[in-house]
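Q: Residue numbering for the sequence shown follows our numbering, beginning at 1406 and increasing consecutively.
If you scroll down you'll find the structure; I have some questions about it.
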Amino acid sequence: MTKPVCLGIDTSCYTTSVACADDKSIVFSERTMLSVPFGNRGLRQSEGLFQHVKQLSPLLCDLFASVDRDRICSIAVSASPTAKDDSYMPVFLAGLKQAETLAAALGVPLYRVDHQSGHIRAALYGNEALLDRPRFLAAHISGGTTDLLLVEPDRDKPYRIETVGTSTDLHAGQFVDRVGVAMGLPFPAGKHLERLAIEAVEKSVKLPGAVRGLNCSFSGAESAAQRLLTDTAKEELAYGVYDCLSRTLSKMFAHAVDAYGRLPVLVCGGVASSALLRSLLKNRFDGDLYFGRPELSADNAVGVALLGADRSGTWMN
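As structure tokens, this is what we get:
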């Protein structure tokens, strides 16, 4: 018998994505990046919303061409960036309104979740053993967040999440993108900057990391990197960025373990898709690190769909 699936929709700042998942596996996943003019470091929310509206229809057409609509038992959508009451970004309205229409047309339940919980759930795919623990730490590292989270699995909500640490200025992804764009790389710059970093022979650039307790700061490191642009090889500076990220994050993780006990740390978010950063973190942090699949670390609707499948009466019950 064919399993029912949940249709997930996520319209984040730079990616339009749809997915379907059943109670065990990913059935369909497709995404399209928003277009950012070369040299720019992002989009206004109004432009992002406009692009999502245009891109959602063809993605959903592809989904319905691949998945029998009779299998869809629920729809889940990221309605906000995080689970906090005041969390809001206009770009998520594109997915939310489409999801509301589809749920009404198909006569299925609609689950409103948040983007951050979707990232955590996507990273838990293959790491579901963490859900058997009463709590664990999660690091959401992206262009919009550098959040250290205390996560407790919950049957009534996706999870109970407490933010215990964050960046007080630039986020990790902003740090990467600002340095990368200044080097002449396309936005988002992560994969391009990582390619340069891997080619570095000299690895002596040490950008200043700043960690106070469970919080961090990247503005000083970004300013230092900008000053080195004219007289430092791009490969060396790119490696210095990832070295700084790994030193900063591993120190945050160590402080969190001191504060909350030896809990495992699940690392998720677009910046966490970097193989170089994963390797550096593993070498520097003496603790239990878990990573999601690299392709599921960047923005995607898979985690959202899996959250909906969980809510539809699944293996968590």
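For glycine and all other residues, C-beta sits at the position ideal for the given N, C-alpha and C.
Please state whether DSSP places residue 1433 in a helix, a strand or coil.
A: strand
Q: Could you tell me whether the Cβ atoms of residue 1653 and residue 1614 are closer together than 8 Å?
A: yes
Q: Under a three-way DSSP split, which group does residue 1520 fall into?
A: helix
Q: How long is the line joining the alpha carbons of residue 1519 and residue 1636, rounded to whole angstroms?
A: In this structure, the CA atom of residue 1519 is about 43 Å from the CA atom of residue 1636.
Q: In three-state DSSP terms, what is residue 1558?
A: strand
Q: Determine the contact status of residue 1481 and residue 1413, defining contact as a CB-CB distance below 8 Å.
A: yes
Q: Nearest to residue 1550 by CA position, among 1711, 1675, 1427, 1658, is which residue?
A: 1675
Q: What is the DSSP secondary structure of residue 1706, reduced to helix, strand or coil?
A: coil
Q: Using the beta-carbon count (16 or more within 10 Å), is residue 1710 buried or exposed?
A: buried
Q: Can you check which of these residues, 1416, 1611, 1556, is closest to residue 1729 by C-alpha distance?
A: The requested residue 1729 is not part of the displayed model; the chain covers only 1406 to 1722.
Q: From the DSSP output, which residues share a beta bridge with residue 1670?
A: 1542, 1694
Q: Considering only the alpha carbon of each residue, which of 1576, 1547, 1609, 1630 lies closest to residue 1587?
A: 1630
Q: Given a threshold of 16 other Cβ atoms within 10 Å of its Cβ, counted over all protein chains shown, does residue 1688 qualify as buried or as exposed?
A: exposed
Q: Below 6 Å CB to CB, which residues in the same chain sit around residue 1703 once its five sequence neighbours on both sides are set aside?
A: 1675, 1678
Q: Identify every residue that forms a DSSP beta bridge with residue 1564.
A: 1558
Q: In the DSSP assignment, find the beta strand (DSSP E) that holds residue 1617 and state where it starts and stops.
A: Counted as a single uninterrupted DSSP element, the beta strand (DSSP E) harbouring residue 1617 occupies residues 1615-1617.
Q: Evaluate the contact criterion for the region 1479-1498 versus the region 1636-1651: three or more CB pairs, one atom per stretch, below 8 Å.
A: No, they do not touch.
Q: For residue 1620, which beta-bridge partners are listed by DSSP?
A: 1617
Q: Would the beta-carbon of residue 1623 fall within 8 Å of that of residue 1575?
A: Yes, the Cβ-Cβ distance between residue 1623 and residue 1575 is below 8 Å.
Q: Among 1632, 1539, 1427, which residue has its Cα nearest to the Cα of residue 1715?
A: 1427
Q: Going by DSSP in three states, residue 1408 sits in which element: helix, strand or coil?
A: coil
Q: Would you list the residues sitting across from residue 1421 in a DSSP beta bridge?
A: 1416, 1437
Q: If you draw a straight line from the C-alpha of residue 1445 to the C-alpha of residue 1592, how long is it?
A: Taking the straight line joining both Cα atoms gives about 7 Å.
Q: For residue 1466, collect the residues of the same chain with a Cβ closer than 6 Å to its Cβ; drop the 5 residues on either side in sequence, then sort them by chain order.
A: none
Q: Please list the terminal residues of the continuous beta strand (DSSP E) segment that includes residue 1484.
A: 1477-1485
Q: Given that a residue counts as buried once 16 or more other Cβ atoms are within 10 Å of its Cβ, and exposed if not, what is residue 1513?
A: buried
Q: Using a Cβ-Cβ cutoff of less than 7 Å, which residues in the same chain neighbour residue 1681 once the five nearest sequence positions on both sides are dropped?
A: 1599, 1602, 1603, 1647
Q: Specify the secondary structure class of residue 1551 as computed by DSSP and reduced to three states.
A: DSSP places residue 1551 in strand when its eight states are reduced to three.
Q: Can you round the beta-carbon distance between residue 1589 and residue 1547 to whole angstroms, since I take them to be within the 8 Å contact cut?
A: Residue 1589 to residue 1547, Cβ: 23 Å. No contact.
Q: Under the DSSP definition of a beta bridge, which residues are partnered with residue 1626?
A: Answer by DSSP bridge pairing: none, since residue 1626 is not bridged.
Q: For residue 1409 and residue 1448, what's the separation of their Cα atoms in angstroms?
A: For residue 1409 and residue 1448, the gap between their C-alpha atoms comes out near 37 Å.
Q: Using three-state DSSP, classify residue 1510 as helix, strand or coil.
A: It is helical.
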